[in-house]
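Chemist: Quick mapping for you: the protein sequence lines, in order, are chains A and B. Residue numbers for the first sequence follow the numbering used here, so the first one is 1 and each next one is one higher. Residue numbers for the second sequence follow the numbering used here, so the first one is 1001 and each next one is one higher. Built from N, CA and C at the ideal position, the CB exists for glycine as well. Computed from a predicted structure; not experimentally measured. I am attaching a structure below and will ask some questions about it afterwards.
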Amino acid sequence: MTIKQLSIFVENKPGRLSDVTHTLKDGNINIRAITTADSSDFGILRLIVDDTDKAIECLKKADYLVKMTNVIAVTAEDKPGGMASIMKTLYKANISVEYMYSAFLNPSDVTACLILRVDSNENAIEALTDAGYRLLSAEDLAKF
Amino acid sequence: MAEKIYWNKDIETMELDKMKALQSERLVKQVRHVWDHVPYYRDLMEKKGVTPDDIKSIDDLHKLPFISKADLRDNYPDGLLAVPKSECVRIHATSGTTGKRAIAFYTQNDIDIWDNCVARAITAAGGTKDDVVHVAYGYGLFTGGLGLHGGSHKVGCLTLPVSSGNTERQIQFMQDLGSTILCCTPSYAAYIGETLQEMGLTPDDIQLKAGIFGAEPWTEEMRKQIEESLGIKAYDIYGLTETSGPGVAFECEEQTGMHINEDHFIAEIIDPETGEVLPEGEKGELVFTSITKEAFPLLRYRTRDICILNRKKCSCGRTLIKMCKPMGRSDDMLIIKGVNVFPSQIETVLLKDFKAQPNYQIVVDRVGNVDTFEIKVELTDEMIGDTIKSVSELEKKLSADIVQILGIKAKISLVEPKSIPRSEGKAVRVIDKRKLV
């Protein structure tokens, strides 16, 4: 079970993040998770949204460069060692994490949610599911 | 006032009638030489219905076909060579990709003539055998270094083949060895001036009295600045690798244009659209015909430099016709840091690295007398990824390929779609902010 992540290329100049987020606001799109990666001249904004297709449409209309990538959303216990055990599960399954970030979720039964970009979604899903972790679907993310 | 000194007084002060007779005699020979030894030229002439018998004097020059960089490219590397390779002693080449690179061959006699032309320039800048000539042009395939080097030898000056770079060491040499004439690109001269100041020195700490600067466009303001910062008189020099190198034309003390070495090169000004020869004093494209070359003669070579010629009496006493500083180009070539750059070369790199032609813009400026060179590229969806690495690797590759092709570094700026301004729907490919004319 993967979810779709959007990567948006943004030049490092004042107002760009404001513009991107307003474009999403105008499309009535809710951001479920967000992180940025940056170099000195540009950044890549990674997003999980409630309606991916609509978000792409809005962003393209506003001339943004958007790339879609499949990532995994896994829930974790919000207590010491919660993260460590996920990482150990992946390590034991020989899976590399390229990057990760957390999502804006606050439902009663889910206390933390991690967005993971790994080298093999298939293997990671298997390893995490076998270890008893709960993976979230796009619907879950949109709902929570 | 001291007696005026010339390197070849007879030629440099020759009366017009005598010069025309000399040019005519040499042109007839040059055309015959080319006809006999370069099939490509013969074809061009035959297509125009001209034979060497039709060329009896310089008044017949207009009958000859033009030759352009495209002809040079089609004949790369030695299709226009007019003597056996065994008779040649040297090669020089312009920067650029193989396709755009112009290669020139020289016999020993060609080198001697070239050295003589440069010797005239050095003499006009006040150089004598007592001078120490500091050659800070790059040495190598580029004609700047060895061109000025040869002329300096000819005059008998003590020649310092310092080449370019390591500016503090250059200044140290100037101090230790008493350099009196500096030869380099004007932007490098300006940089040396700035470095001198940064080192806490003044023009009084060095013995430079003159500079001979060329290979890139420069302004009168820049001349003033260089003259003040180095305490010298700055002279312009003109030439193209295709025609031999620097020394086709040179400036005298009057500093109002460059005297063309007419006994070796005939200059014409044409309308770049129609090819029609324009009368003296009109602005148009500069065309050169070599009349003494053995290895690599050029008949009516279109330089693409926009220029004006004038034969007004010059206070230096030279009667050689004068050309103004080139006022622009009739093609899209840019000269950046002394290197010839065609936008099409950049397109080739973009096409190779991106598989498709992205929108791009070249931005050239001059900051503190040094050219800046930026290439903005509008990214497309295929070019980006979800990591910085995916994009920065593209940037690095592009940067490396540009250096490979052009020989100079450009700042690569990857920008968002539609961020390069369009003019009437068409992207503006080149923005040259330097005020050079």
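Using a Cβ cut-off of 9 Å, pull out every chain A residue sitting near residue 1416 of chain B, in sequence order please.
Modeler: Here residue 1416 of chain B refers to the residue found at position 416 of the second sequence. Within chain A, the residues near residue 1416 of chain B are 9, 10, 11, 16, 42, 63, 64 and 65.
Chemist: Measuring straight from C-alpha to C-alpha, what distance separates residue 4 of chain A and residue 36 of chain A?
Modeler: As a first step, residue 4 of chain A must be located in the first sequence, where it is residue number 4. As a first step, residue 36 of chain A must be located in the first sequence, where it is residue number 36. If you take the alpha carbons of residue 4 of chain A and residue 36 of chain A, they lie about 16 Å apart.
Chemist: Which term fits residue 1370 of chain B, buried or exposed, when burial requires 16 or more other beta carbons within 10 angstroms of its beta carbon?
Modeler: Numbered from 1 along the second sequence, position 370 holds the residue referred to as residue 1370 of chain B. Exposed, since its Cβ has fewer than 16 Cβ neighbours within 10 Å.
Chemist: Short of 8 Å Cβ to Cβ, which residues in the segment 1273-1296 of chain B face chain A?
Modeler: none
Chemist: On the criterion of 16 or more Cβ atoms from any shown chain inside 10 Å, does residue 1264 of chain B qualify as buried, or is it exposed?
Modeler: Reading the second sequence from its first residue, position 264 is the one you call residue 1264 of chain B. With 16 or more other Cβ atoms within 10 Å, it is buried.
Chemist: Can you pull the chain B neighbours of residue 103 of chain A, defined as C-beta to C-beta under 8 Å?
Modeler: As a first step, residue 103 of chain A is located in the first sequence; it is residue number 103 there, counting from the start. Listed along chain B is no residue with a C-beta nearer than 8 Å to that of residue 103 of chain A; the closest approach is about 16 Å.
Chemist: In the DSSP assignment, the beta strand (DSSP E) including residue 1288 of chain B goes from what residue to what residue?
Modeler: Position 288 of the second sequence holds residue 1288 of chain B. Start and end: 1284-1290.
Chemist: Hey, out of B:1433, B:1211 and B:1069, whose CA is closest to residue 1236 of chain B's CA?
Modeler: Numbered from 1 along the second sequence, position 236 holds the residue referred to as residue 1236 of chain B. Of the candidates B:1433, B:1211 and B:1069, the one whose C-alpha sits nearest the C-alpha of residue 1236 of chain B is B:1211.
Chemist: Rounded to a whole number of angstroms, what is the C-alpha to C-alpha distance between residue 102 of chain A and residue 63 of chain A?
Modeler: As a first step, residue 102 of chain A must be located in the first sequence, where it is residue number 102. As a first step, residue 63 of chain A must be located in the first sequence, where it is residue number 63. So the alpha carbons of these two residues sit roughly 27 Å apart.
Chemist: Taking the alpha-carbon positions, what's the residue 30 of chain A to residue 1366 of chain B distance?
Modeler: One-based indexing of the first sequence puts residue 30 of chain A at position 30. One-based indexing of the second sequence puts residue 1366 of chain B at position 366. Between residue 30 of chain A and residue 1366 of chain B, the C-alpha separation is close to 47 Å.
Chemist: Report yes if the C-beta distance between residue 1252 of chain B and residue 1213 of chain B is below 8 Å; otherwise report no.
Modeler: As a first step, residue 1252 of chain B must be located in the second sequence, where it is residue number 252. As a first step, residue 1213 of chain B must be located in the second sequence, where it is residue number 213. Against a cut-off of 8 Å, the Cβ pair of residue 1213 of chain B and residue 1252 of chain B comes out as no contact.
Chemist: Are residue 1282 of chain B and residue 1291 of chain B closer than 8 Å when you measure CB to CB?
Modeler: Taking the second sequence and counting its residues from 1, one reaches residue 1282 of chain B at position 282. Taking the second sequence and counting its residues from 1, one reaches residue 1291 of chain B at position 291. The answer is no: Cβ separation not under 8 Å.
Chemist: The beta strand (DSSP E) spanning residue 162 of chain A covers which residue range?
Modeler: The question about residue 162 of chain A has no answer here: the residues shown for chain A are numbered 1 through 144.
Chemist: Could you check if residue 1143 of chain B is buried or exposed, using at least 16 other CB atoms within 10 Å of its CB as the buried criterion?
Modeler: As a first step, residue 1143 of chain B must be located in the second sequence, where it is residue number 143. Buried, by the Cβ-count rule.
Chemist: Would you be able to state if there are at least three C-beta pairs under 8 Å between the segment 1376-1388 of chain B and the segment 37-56 of chain A?
Modeler: Put simply, the segment 37-56 of chain A touches the segment 1376-1388 of chain B. At least three CB pairs are less than 8 Å apart.
Chemist: For the putative contact between residue 1013 of chain B and residue 1317 of chain B, defined by C-beta atoms under 8 Å, what is the C-beta separation to the nearest angstrom?
Modeler: As a first step, residue 1013 of chain B must be located in the second sequence, where it is residue number 13. As a first step, residue 1317 of chain B must be located in the second sequence, where it is residue number 317. The Cβ separation is near 6 Å, so the contact holds.
Chemist: Mind listing which residues of the segment 1391-1415 of chain B have their C-beta closer than 7 Å to chain A's C-betas, in chain order?
Modeler: So the close ones are 1391, 1392, 1413, 1414 and 1415.
Chemist: Tell me whether residue 128 of chain A sits in a helix, a strand or coil according to DSSP, three-state version.
Modeler: By 1-based counting over the first sequence, the position of residue 128 of chain A is 128. Three-state result, residue 128 of chain A: helix.
Chemist: Could you check the C-alpha separation between residue 1246 of chain B and residue 1169 of chain B for me, to the nearest Å?
Modeler: Residue numbering aside, residue 1246 of chain B sits at position 246 when the second sequence is read from its first letter. Residue numbering aside, residue 1169 of chain B sits at position 169 when the second sequence is read from its first letter. So the alpha carbons of these two residues sit roughly 25 Å apart.
Chemist: Looking at the C-beta of residue 140 of chain A, does it have a partner C-beta in chain B at a distance below 8 Å?
Modeler: Position 140 of the first sequence, counted from the start, is the residue given in the question as residue 140 of chain A. Answer no: the Cβ-Cβ gap between residue 140 of chain A and chain B never drops below 8 Å.
Chemist: Measuring alpha carbon to alpha carbon, tell me which residue in A:40, A:60 and A:137 is nearest residue 1417 of chain B.
Modeler: Position 417 of the second sequence holds residue 1417 of chain B. That would be A:60, whose Cα lies nearest to the Cα of residue 1417 of chain B.
Chemist: Around the C-beta of residue 1422 of chain B, are 16 or more other C-beta atoms found within 10 angstroms, so that it is buried, or is it exposed?
Modeler: Counted from its first residue, the second sequence places residue 1422 of chain B at position 422. By the 10 Å Cβ count, residue 1422 of chain B comes out exposed.
Chemist: Kindly indicate the opening and closing residues of the beta strand (DSSP E) around residue 1251 of chain B.
Modeler: Here residue 1251 of chain B refers to the residue found at position 251 when the second sequence is read from its first residue. Segment 1245-1251, the beta strand (DSSP E) holding residue 1251 of chain B.
Chemist: Where in the segment 1185-1223 of chain B do unbroken runs of the beta strand (DSSP E), each at least 3 residues long, occur, reported from the N-terminal end onward?
Modeler: 1210-1214
Chemist: When the distance is taken between beta carbons, is residue 7 of chain A closer than 8 Å to residue 69 of chain A?
Modeler: Here residue 69 of chain A is taken as the residue at index 69 of the first sequence, counted from 1. Here residue 7 of chain A is taken as the residue at index 7 of the first sequence, counted from 1. Contact: yes.
Chemist: For residue 1435 of chain B, is the classification buried or exposed, using 16 other Cβ atoms within 10 angstroms of its Cβ as the cut-off for buried?
Modeler: Position 435 of the second sequence, counting from 1, holds the residue named residue 1435 of chain B. Within 10 angstroms of the beta-carbon of residue 1435 of chain B lie fewer than 16 other beta-carbons, which makes it exposed.
Chemist: Mind listing, in chain order, the continuous beta strand (DSSP E) runs of no fewer than 3 residues lying wholly within the segment 76-103 of chain A?
Modeler: 97-102
Chemist: Please confirm if residue 1372 of chain B has its CB atom under 8 Å from at least one CB of chain A.
Modeler: As a first step, residue 1372 of chain B must be located in the second sequence, where it is residue number 372. Not an interface residue.
Chemist: Within 10 Å of its beta-carbon, does residue 89 of chain A have 16 or more other beta-carbons around it, so buried, or fewer, so exposed?
Modeler: In the first sequence, the residue the question calls residue 89 of chain A occupies position 89. Label assigned to residue 89 of chain A: buried.
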